[in-house]
Amino acid sequence: MTSAAPLSLHPTSWSVRPADFAGGAPELAVIIPTLNERDNVPLVVERLNRALAGIAWEAIFVDDDSPDGTADVVRAAARRQGNIRCLQRLGRRGLASACIEGVLASVAPYAAVMDGDLQHDESLLPAMLSKLKTEGLDIVVASRHIEDGGVGDWQRSRIMISDIATRLGRLVVKADLSDPMSGFFMIRREAFALAMRSLSGQGFKILLDLFASAPRPFAFAEVPLQFRQRLHGESKLDAMAAWEYLMLLLQKLVGPAVPVRFLLFAMIGALGVGTHMLTLWFATRVLLAAFALGQAAATWVAMTGNFLLNNLFTYRDRRLRGWRVLTGLISFYAVCGAGAAANVGVASYLNGDHQAWWLAGLAGAAVSVVWNYAMSSIFTWTPRLPPQPAVAAPAALSDTPAALSQ
Ligand code: GDD
Ligand code: MN
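Following my numbering, the numbering of the sequence shown begins with 60 at its first residue and continues without gaps.
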């Protein structure tokens, strides 16, 4: 199949032409997020042409600047048929935000979100559309977990993970969805508009996000989906996606007022206070060190521990690795240096002022926690774009200029 890629880049070879919607606006927009799906795009277009004949539709591929040149392949298709569009995002990443921006880029009253790797059965789209229209629903979800649906031959571990994620998801959605993790659904624009300003837009789980963000319960229906095997490319669902999923769930449980990242930082901070006090106690009571020395040591231990924990959990998406752990740690020490000095200063002052040793230690630690949060989010875990997933050498793409020039 891979050898067909250069050929598929020539839109003239595609079998079915789309229904001409006579200059009018499309009724259905199919939003397709893509990250390194070069070989799948022509096949997706071809299948949509076949499945949606007779419907006024458009497809918007939202590509996060895939290094494999997916956007070029989409544009080659778009030159051939006016109902294919490419929304290429630079310096951005994320399945959910890609879907949101795709829906917003269209005027169609109905929008479907579908994977661009052929795992979703596009032939369900007409039935989903008529169900949405005739039954006056907000959203129709293609579900793998109802009768006649299925996940194909997934590995046991993937089934288990998906099962746990589904159960967790049901905790936050306000509806009895059989497959809250589905990435294939169709939504009425008004329903989308109701929820869109409350969406977290983080990570993978756009459907769950929509349901959890809707101000009123969505009227929904489910249609069975047989999840297909992926033929080209590879899945982007990884540990990072799982972490983002947990953060999304937590955020929805906590509500929008408090950022989950701050909560995590504060929790680790509280743990740090515990570490701090324990070290201080050990240093001053057991080792009989001078108070200022004990406080300084406790600050160092707590800071290092906090750095490691935050790097692992709070800032997993900006996680420092390899030598960056070291430079990050050094920058963490550096930006918090002033805070640590203030910490020891405040604590020593209070201790000298005949305050209880634990009160003095606590006050000093509190000063440094505030410093750590404010400074580290700027200097230590500076927001960076995650590395692009690697792709094989784009051999098939050497044909692209020819395909584009026709
Ligand atoms: N624009 C953009 N940005 N697209 C992305 C990104 C991203 O950061 N990450 C993934 N995609 C695209 C992929 O190119 C593909 O078209 C689609 O989103 C789904 O990604 P996959 O990597 O193929 O996901 P999966 O097959 O492992 O996961 C599927 O099953 C999950 C449930 O088990 C998807 O359907 C998920 O949506 C679904 O929740
Ligand atoms: Mn997939």
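Note that beta-carbon positions come from the ideal geometry of N, C-alpha and C, so glycine has one too. Keep in mind it's a predicted model, so treat the numbers as computed, not measured.
If I measure Cβ to Cβ from residue i and keep anything under 6 angstroms in the same chain, skipping five residues before and after, which residues do I get?
i	result
Asp207	Pro283
Val133	Val100, Phe120 and Cys145
Arg440	Per the sequence presented here, residue 440 reads as Trp, with Arg not at that position. Cβ within range, chain order: Tyr374 and Arg377.
Val210	Arg203 and Phe286
Lys233	Pro276
Ala271	Val231, Val232 and Lys311
Ile205	Ser237, Glu281 and Pro283
Ala278	Leu196 and Asp197
Met306	Val319
Alpha helix (DSSP H) containing residue i: first to last residue?
i	result
Tyr408	Trp382 to Gly411
Tyr304	Ala298 to Val313
Phe263	First-last for Phe263: undefined, no H or E at that position.
Glu160	Leu154 to Leu163
Ser435	Trp416 to Phe438
Asp127	Counting along the chain, Asp127 falls outside any alpha helix (DSSP H), and DSSP gives it neither H nor E.
Tell me whether the beta-carbon of residue i lies closer than 8 angstroms to the beta-carbon of residue j.
i	j	result
Arg287	Thr373	no
Val394	Met434	yes
Glu86	Val200	no
Arg247	Asp297	no
Leu154	Pro92	yes
Gly355	Val403	It should be pointed out that residue 355 corresponds to Ala in this sequence rather than to Gly. Yes; because the gap between Cβ atoms is below 8 angstroms, this pair is in contact.
Gly83	Ala115	yes
Pro315	Ser221	no
Gly328	Val428	yes
Ala400	Asn410	no
Ala357	Ser407	no
Val89	Met187	no
Glu181	Arg106	yes
Arg424	Val313	Contrary to the premise, residue 424 reads as Ala rather than Arg in this sequence. No, Cβ-Cβ distance for Ala424 and Val313 is not below 8 angstroms.
Glu249	Ala167	no
Met245	Leu191	yes
Asp176	Glu96	yes
Gly292	Asp98	yes
So, at 7 angstroms on beta carbons, what are the nonlocal neighbours of residue i in its own chain, with the 5 sequence-adjacent residues on each side left out?
i	result
Gly353	Leu339, Ala342 and Thr343
Asp1	Beyond the ends of the chain as shown, which are 60 and 465, falls residue 1; an answer cannot be given.
Leu253	Ala273 and Pro274
Ala300	Gly262 and Phe263
Phe251	Val162 and Ala170
Thr334	Val360, Ala361 and Gly364
Met255	Ile159
Thr129	Thr93, Asn95, Glu96, Arg97, Val100 and Asp122
Ala164	Ile119 and Leu146
List the endpoints of the continuous beta strand (DSSP E) containing residue i.
i	result
Leu87	Leu87 to Thr93
Arg144	Ile143 to Gln147
Glu281	Phe279 to Pro283
Ala170	Tyr169 to Val172
From the DSSP secondary-structure annotation, give me the bridge partner or partners of residue i.
i	result
Phe120	Ile91 and Cys145
Pro101	BP columns for Pro101 are empty, so no partner.
Can you name, in chain order, every residue of its own chain whose Cβ lies under 8 angstroms from the Cβ of residue i, other than the five neighbours on each side?
i	result
Ala452	Since pLDDT at Ala452 reaches only 47, below the 50 mark, its modelled position is unreliable, and the value read off the structure follows with that caveat. Within the same chain, Ala452 has no close Cβ partners at all.
Ser202	Gly208, Leu236, Ser237, Asp238, Ser241, Glu281, Val282, Pro283 and Leu284
Gln178	Phe286, Arg287, Gln288 and Arg289
Gly260	Gly153, Ala155, Ser156, Ile159 and Asp268
Gly387	Phe366, Asn370, Leu379, Thr439 and Trp440
Pro442	Arg377
Leu421	Val332 and Met336
Gly398	Val426, Ser427, Val429, Trp430, Asn431 and Met434
Ile218	Val210
Asp212	Gln288
Taking only runs of the alpha helix (DSSP H) that begin and end inside the region 174-253, which ones reach a length of at least 4 residues, in chain order? Considered as a whole, the region 174-253 harbours 184-193 and 215-231 as its complete alpha helix (DSSP H) runs of no fewer than 4 residues, in chain order.
_Just to confirm the assignment: which complete alpha helix (DSSP H) runs, minimum length 4, are found wholly within the region 318-391?_
The qualifying runs are 319-340 and 350-371.
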